[in-house]
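Going down the list, the sequences are from chains A and B.
With our numbering as the guide, the letters of the first sequence map in order to residues 1 to 427.
With our numbering as the guide, the letters of the second sequence map in order to residues 1001 to 1323.
Backbone N, C-alpha and C define an ideal beta-carbon position, used for all residues, glycine too.
In what follows, a structure is listed as structure tokens, so that the remarks can point back to it.
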Amino acid sequence: MSGKILLRGGRVIDPSQSLDATLDVLLSRETVAAVSAGIEAPENARVIDCAGLVVSPGLIDVHVHLREPGEEHEETIATGAASAAAGGFTAICAMPNTDPPIDDPAAVGFVAAEGRRAGAARVYPVGCISVGRAGKRMALVGEMVQAGAVAITDDGSPVMDSGLMRMALEYARAFGIPVADHPEDLGLSANGHMNEGLVSTRLGLPGKPNAAEDIHIVRDLLLAELTGGHIHLQHVSTRFGVEAIRQGKARGVHVTAEASPHHLVLTHEAVDGYRTEAKMNPPLRTAADVEAVRAGLADGTLDTIATDHAPHHYDEKEAAFAEAPNGIVGLETALGVIVTRVVGEGVIDLVTMIDRMSCAPARAFGLPGGTLAVGSPADVTVFDPTARWTVDPKAFRSKSRNTPFSGWELEGRSRLTIVEGRVVFEG
Amino acid sequence: MNPTTAPLGKDLVGLENMSAAQLKAILDTAEAFKEISERRIKKVPVLRGKTIVNLFFEASTRTRISFEFAEKRLSADTVNISSSGSSVVKGETLVDTARNLEAMRIDMVVMRHGASGAAQFLADRIPSSVVNAGDGRHEHPTQGLLDLLTIRDHRGRIDGLKVCIVGDITHSRVARSNIYGLLALGAEVAVCGPPTLLPLATEELGVQVFTHIEDAIRWADVLNVLRLQLERMESGYVPSLREYNRIWGVTNARLEAADHDLLILHPGPMNRGVEIDSDVADGEHSVILNQVTNGVAVRMAVLYLLAGGQPESAEAAKQGGEA
């Protein structure tokens, strides 16, 4: 039941309206009713004191893996949506690399319905580019969009066939959705298990060179330029990749791109000792790459922060490095990691952080939210930017615990997550 | 006997973080243990009552037999497990295999595994000592040690020598263990081979890179020639074995062109006529069979030191004491 909620006296930061002031926010049922100073509490309104807290448009993560259907021992749509709400996210985009993959309208409908049933963060389905994620024939893109898909991607795998990628970019223009790509040339990287460099050489692990990612970023930019389609480049991790996107934007290519929290704060050194919780794809790279990803986030070359939340069961990560799967969970650590290590180290300020975690993702994927403008959906995140806490994976709402941030002392934690005027998390 | 006071710590996973003093302790202990294998009755009670499991997930003849001789000559009780026919092929995970062995109260595991990091993985999870007998392309520390001992035997020192490792560095655990051990003991180290088989980050390890074998031979005092696996040709790293021999093969003609004698090592098994010609392998500068002999002594030393034996007690231990 959504009624009236008055968020009193918080620091309201809404980059979509260039707003940063101590204000009250009144939510009435499913929409933002007023944002101003000294709002009188309506009868029956729940009044929440937000002094010392930041009130922002709800955080949106355009890149999460919810594992349902197929790998429900790792995560379900319900646990993933709850994990998102606990991390301060009001909306998440579910990647389609499930088993079976989300490559037809019925499957898209299933994800949307389960997401609604979860009653936590909004869950937006993303459909496959190709049937079965096989990289051969284009999936039912139009019907998937009608069923609720907000983007298409074969994420988990790149689209190796440039002809198929061209077609997808052209066809998706009809529906105004982005084509998201996991940029990786498998011919260069398929046998690799981490970044190719000094650490991989020392550990005796086959590496993935930056060039594997760079080549596909450049290809995708050229194809977006050719077709006028919207390419969304996922989890950019290389310095050349960032620069190529910067130049693409300057040429007017319709491109948006992501930075993942882990690529903003960790290097390939984190893998030393064969730590499978630091195994991910794209891999953690060098300090120079981290600096470039940070600069790209700061100047807007990389539009969004997206977690690439990738749950895995501990049995699967408890293995020799080459046998362990890629990926880490991120929804419940993203806000703290970004506030502590990216805002805290002066890379961006809180205002820019909220743009990259809320306004920009809403714009890139054409989603409701990303703003507290009067009349917009009552999706709101309230967080304490100074709350200190220690990451304890056992306390996660997510079903999985695979994180390299276990034991980290962080500053910044979500306090209240409101979706369509309903409190879905309170901590 | 408390492993925490053992000179090497609990495990031997690799040579990368080993100090010069630790390496010398192993080599000196091995020196003392060489003589056991020359006796009529090749057995001393140093590891009497110790249980050692030889856990081989990859085929190995030389290394497994060398470890087994070392264990038996020190009177340990040993069990051999190889991947075929064991629960390993039935899908049991490495960690479960380890826990089950541990539950049977063993003292040491000697493991060969195809995955880089497997030895560290096991060492972090069981209280028994773990000896890495080769993990993927990461390290093969006892091979590195026996190479060091063989070089020291024949040149009287390691410090200041120029040692070049020839062949497939990328996929070689022997190369990595050699590089770390040689650098720690003060040698200059180089590698030589086709650029497709040399890691791009080699120089960051403090190692020189040669792509011409003639240059490497001119520079080096010692060549350690690695086996070229047939599958490297099949996966296209080199176009043919014949071409490899013609361009990177260690031949008498190339050695004679140098103005100094080189010591020739090879960890075996050799592909005669590919990375090394028979007349070099069997020639006067080859110490390949000395390496094999030293392998047993080095492995005895490692087992003794991991069991808590002290290097200075090795002589006494040989005469009937226990570690």
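Item: If the cut-off is 8 Å on Cβ atoms, which residues from the segment 1109 to 1127 of chain B count as contacting chain E, listed in chain order?; Value: The question asks about chain E, but that chain is absent: this structure's protein chains are A and B.
Item: Which of the three DSSP states is assigned to A/Q146 in this structure?; Value: helix
Item: Please list, in chain order, all residues of the same chain as A/A172 whose beta carbon is under 8 Å from its beta carbon, the five residues on each side excluded.; Value: V141, I152, P178, V179, G229, H230
Item: Give me the subset of the segment 297 to 323 of chain A whose CB atoms are less than 9 Å from a CB atom of chain B, sorted by chain position.; Value: D315, E318, A319, A320, F321, A322, E323
Item: Taking Cβ-Cβ distances below 8 Å as the criterion, which residues of the segment 1131 to 1148 of chain B are in contact with chain A?; Value: D1135, G1136, R1137, H1138, E1139
Item: Does A/G156 come within less than 7 Å of chain B when only Cβ atoms are used?; Value: no
Item: Taking only the alpha-carbon atoms, compute the straight-line gap between B/V1079 and B/R1073 and give it to the nearest angstrom.; Value: 15 Å
Item: Taking 7 Å as the CB-CB cut-off, is A/L203 touching chain B?; Value: yes
Item: Where do the N-terminal and C-terminal ends of the beta strand (DSSP E) with B/F1054 fall, by residue?; Value: Looking at the sequence itself, residue 1054 of chain B is Asn, so the reference to Phe does not match. 1051 to 1056 is the span of the beta strand (DSSP E), which, as asked, contains B/N1054.
Item: Tell me which residues share the same chain as A/A82 and place their Cβ nearer than 6 Å to its Cβ, disregarding the 5 neighbours each side in the sequence.; Value: A120, R397
Item: Would B/T1004 count as contacting chain A if we go by Cβ distances under 7 Å?; Value: Because the pLDDT of B/T1004 is 47, which lies under 50, any placement of that residue in the model is unreliable, and the number read from its coordinates should be weighed accordingly. Not closer than 7 Å to any Cβ of chain A, the Cβ of B/T1004 fails to qualify, so no.
Item: Out of curiosity, what's the CA-to-CA distance linking A/K466 and A/L188?; Value: Past the boundaries of the shown model lies residue 466 of chain A; chain A is included only from 1 to 427, so the question cannot be answered.
Item: For the beta strand (DSSP E) containing A/Y124, name the first residue and the last one.; Value: 122 to 125
Item: Does A/E68 pass the burial test, meaning 16 or more other C-beta atoms within 10 Å, or should it be called exposed?; Value: buried
Item: Taking 7 Å as the CB-CB limit, is A/L233 close to chain B?; Value: no
Item: Between the segment 267 to 294 of chain A and chain B, which residues of the former have a C-beta closer than 8 Å to a C-beta of the latter?; Value: G273, Y274
Item: May I ask you to list the residues that DSSP assigns as paired with A/M138?; Value: A/S130
Item: Please report the residue range of the beta strand (DSSP E) in which A/T201 lies.; Value: First-last for A/T201: 198 to 203, but that is the alpha helix (DSSP H), not the beta strand (DSSP E).
Item: Considering Cα atoms alone, identify which of A/E213, A/G197, A/S28 is closest to A/P206.; Value: A/G197
Item: Ignore the nearest five residues each way along the sequence and tell me which others in B/R1218's own chain have a CB closer than 6 Å to its CB.; Value: A1258
Item: Compute the beta-carbon to beta-carbon distance between B/L1305 and B/N1132, rounded to the nearest angstrom, for a pair I have assumed lies under 8 Å.; Value: About 14 Å; that fails the 8 Å criterion.
Item: Who does A/G330 pair with in a DSSP beta bridge?; Value: Bridge partners of A/G330: none, in fact.
Item: For the alpha helix (DSSP H) containing A/D49, list its first residue and its last residue.; Value: Not the alpha helix (DSSP H): A/D49 falls in the beta strand (DSSP E), residues 46 to 49.
Item: Within the 7 Å Cβ cut-off, does A/L23 reach chain B?; Value: no
Item: The beta strand (DSSP E) that contains B/F1210, what's its start and end?; Value: 1208 to 1210
Item: A/L198 CB to nearest chain B CB: under 7 Å?; Value: yes
Item: If contacts are defined as beta-carbon pairs under 8 Å, then A/V380 and A/P57 qualify, I think. What distance do you get, rounded to the angstrom?; Value: 7 Å
Item: Once the 5 residues before and after A/A265 are set aside, which same chain residues still bring their CB inside 8 Å of it?; Value: In the sequence under discussion, the amino acid at residue 265 of chain A is Val, which differs from the Ala named in the question. Around A/V265: V290, V337, R341, V342.
Item: Would the segment 315 to 333 of chain A count as touching the segment 270 to 278 of chain A if we require 3 or more Cβ pairs under 8 Å?; Value: yes
Item: Return the first residue and the last residue of the alpha helix (DSSP H) that A/A295 is part of.; Value: 287 to 299
Item: Using a Cβ distance threshold of 8 Å, determine whether the segment 1063 to 1077 of chain B contacts the segment 1149 to 1156 of chain B, with at least three qualifying pairs required.; Value: no
Item: In or out: B/M1300 buried (at least 16 other Cβ within 10 Å) or exposed?; Value: buried
Item: Determine the DSSP secondary structure at A/A34, reduced to helix, strand or coil.; Value: strand
Item: Rounded to the nearest angstrom, what separates A/V255 and A/P361 at their Cα positions?; Value: 13 Å
Item: Output the distance between the C-alpha atoms of B/G1100 and B/M1111, rounded to the nearest integer angstrom.; Value: According to the sequence provided, residue 1100 of chain B is Asn. The question's Gly does not apply to it. Going from the Cα of B/N1100 to the Cα of B/M1111 covers about 15 Å.
Item: Using beta carbons (cut-off 7 Å, strictly below), is A/G407 in contact with chain B?; Value: no
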